[in-house]
Each structure stands twice: as structure tokens, then as C-alpha cells.
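Asks: The sequence shown lines up with residues -27 to -1, 1 to 224 when you count with mature numbering (1 follows the signal peptide of the UniProt record, and there is no 0).
Even for Gly, the Cβ is constructed at its ideal location relative to N, Cα and C.
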Amino acid sequence: MSCQWKIKSFKVLIIILLLGIVGNAQAHELTIFVENWPPYHFEQNNKIVGISTELIEAALQKAKIRYKLVIYPFKRALITVQKKPNTMLFTVARIPQREDMFAWIGPLHPRRVYLYKLKNRTDIQIDDLEDIKKYYTGVLSGGSIEQFFTTNGFHKYNYHLVSKSEQLLKMLFKQRVDLIPGDPLDLAYQINRLGYKYSELEIAYLLSEEGGYYMIANKDTPDKIIVKIQESLEEVLATGARDRIIKKYVK
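1) Counting along the chain, where does the alpha helix (DSSP H) carrying A36 start and finish?
2) Please classify K220: does DSSP put it in a helix, a strand, or coil?
3) Return the residue from the list K107, I118, N18 that minimises the CA-CA distance to Y130.
4) Leaving aside the five residues before and after F121 along the sequence, list all residues of the same chain whose C-beta is less than 8 Å from its C-beta, in chain order.
5) Whole-angstrom Cβ separation of L152 and Y89, contact assumed at under 8 Å?
6) What separation, rounded to the nearest whole angstrom, lies between the Cα atoms of V(-6) and R39?
7) Just to confirm the assignment: which complete alpha helix (DSSP H) runs, minimum length 4, are found wholly within the segment 19 to 107?
8) Kindly indicate which three-state DSSP category Y13 falls into: helix, strand or coil?
9) Apart from the five residues just before and just after R85, which ones in its own chain have a Cβ nearer than 8 Å to its Cβ?
10) Whole angstroms is fine: what's the gap from E72's alpha carbon to Y171's?
11) Could you tell me which residues DSSP puts in a beta bridge with M188?
12) My guess is that I76 and A190 are in contact by the Cβ rule of under 8 Å, so how many angstroms apart are they, rounded?
13) Please list, in chain order, all residues of the same chain as P58 whose beta carbon is under 6 Å from its beta carbon, the five residues on each side excluded.
14) Residues in the same chain with beta-carbon distance under 7 Å from K35, minus the five sequence neighbours each way, listed in chain order, please.
15) Residue range of the alpha helix (DSSP H) that S205 falls in?
16) My assumption, with CB atoms under 8 Å, is that I219 sits in contact with I78. Please give the rounded CB distance.
17) So, for G213: in the same chain, excluding its five sequence neighbours on each side, which residues have a beta-carbon less than 8 Å away from its beta-carbon?
18) Suppose you measure from the CA of N9 to the CA of S25; what does that come to, to the nearest Å?
19) According to the neighbour-count rule (16 or more other Cβ atoms, all chains shown, within 10 Å of its Cβ), is E173 buried or exposed?
20) Secondary structure at Y178, three-state DSSP: helix, strand or coil?
21) In whole angstroms, what is the alpha-carbon distance linking F47 and G168?
22) Is Y109 helix, strand or coil by DSSP?
23) Check whether the Cβ atoms of F6 and M188 sit closer than 8 Å, and answer yes or no.
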């Protein structure tokens, strides 16, 4: 075997190895986390579905980006995306405390969070944030409202933390809490699913309309991937897809 042939064989081997490395890199999936938060994302018949899920999947498919969806507790998902490359999470409120921690894609939805009470609780009167501290509020652990309460001087005895959003409605109707924060779409879906009556609820206070709901990405995600998904999402939203999808889940 000649030396020249050995050199050529070695070069071919190097090229094959490099192509394999590049191929593996291109084949790497993004791991995209979602919490169980109907109607935005939840598991149904062994498939993750929901309003935000359909929007994001349409954008990713348009952008030709490989991904896998994983249901994961929200608080842990936030920490994971902050630390681990090739990870993302939706649907996330864009608030100042999180701004510099992630790359942002969106908005997926506008954001308005109200405090709700039972209509028969005429004793509950709220005109400002200080009034809220007079009552006991159910709050999702690790969510934007817990951070909002902490930032605005609420104490642990002012609110009760839960791990799942559906627990909030159950606690309110059992009168274990006085108030719960709610997103109108989330609340309408949950009330129908759990068999409660929307007519028995009443808005007590507009708590926040800050930012919007987004998908977040680890900050080491290449800019070209962020831009590609952002542009694809904007194209999907421009078709009116969001309103059509909402009608599938909230009737």
C-alpha cells in the first residue's frame, strides 16, 4: 500500500468523521418544555396539544427545526432552560425579572391577569395592591404572580402556593382561598372542564397586563435559530391561526 494511498484514505476518513459530526449536530433536537397548563398545553391521548402548542409546532415545522416536546414542572423547566443549551420553554410571561435570563421568541399571546373571587363574596373589595394583602390568595408556585407578589412586598401568609393551576379553582370554590389570579382563556377552559359555573365568579381586580406570553430559549442558542423561529412564528400568526386555534379549545 503506497504512502500516497494511505494519505488519501486518511483524508477520506477525516471527511467522513467530520460529516458525521456535522450530521449529528444538525440532527440534534431542541428540547422544548411545557407545563401542564390547559388550554395552552396539555397531554391528550398520549400527545401534547393546546393553543400555544399548535402555534409553536406550526412555526417550528415552517422553520424546518427538529424538536421534541416534554411536559415538565414550570419552576424546574425555567431553571433547566437557564442552564442547559438547546432547551426552550413556552408559554412564559415576559416580566422584568426574567428579561436578561433568556432569549425571547414571540409574543404568542397578549397577557392580562385578573384576580377572581366568588360572586357571593361581597365582603371582598379591592381598589389597590394593599387591599389584596387583606385576603388569602392562591398562587401558582414559580409563576409570574408569585414573583409579582414577592416584588410588591407580599408575605408568605398573604398567599398559598400550589403546583397546578387547576388546584386554584378547586380551592376558590371550596373557599379555602379568597382570591385566585386567572388568565381568561385558562379560566374559561378550566371551569368548563371541572364542571363549575362561570356565572358564580367575578373579577375583583386587574392584577397585571405586563408584557405578553412568549417562548424562551437558553441564551447560548444561536441567533440564527432564534431569528428563524421568530420569523416563522410571525408568519403563522399573520394568517389568523391563533383565533382559529382558540375556537377549537375554548367554546
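Replies: With the given structure in hand:
1) Unbroken run through A36: none, as it is neither H nor E.
2) helix
3) K107
4) The beta carbon of F121 lies closer than 8 Å to those of I68, L180, S181 in the same chain, with the five residues before and after it left out.
5) 7 Å
6) Because V(-6) sits at a pLDDT of 37, beneath the cut-off of 50, its placement in the model cannot be relied upon, and the point is left open.
7) 24 to 35, 47 to 56, 102 to 105
8) coil
9) D156, P157, L179, S181, E182
10) Spanning the two alpha carbons is a distance of roughly 34 Å.
11) F63, I78
12) The residue you asked about is not Ile; residue 76 is Ala in the sequence shown. Between A190 and A76 the Cβ distance is about 4 Å, and since that is below 8 Å, they are a contact.
13) A distance below 6 Å between beta-carbons, with the five flanking residues on each side excluded, links P58 to the following residues of its chain, in chain order: N191, D193.
14) S205, E208, V209
15) 196 to 211
16) About 19 Å; that fails the 8 Å criterion.
17) none
18) 12 Å
19) Classification of E173: exposed, given that the 10 Å Cβ count is below 16.
20) Correct three-state label for Y178: strand.
21) 25 Å
22) coil
23) no
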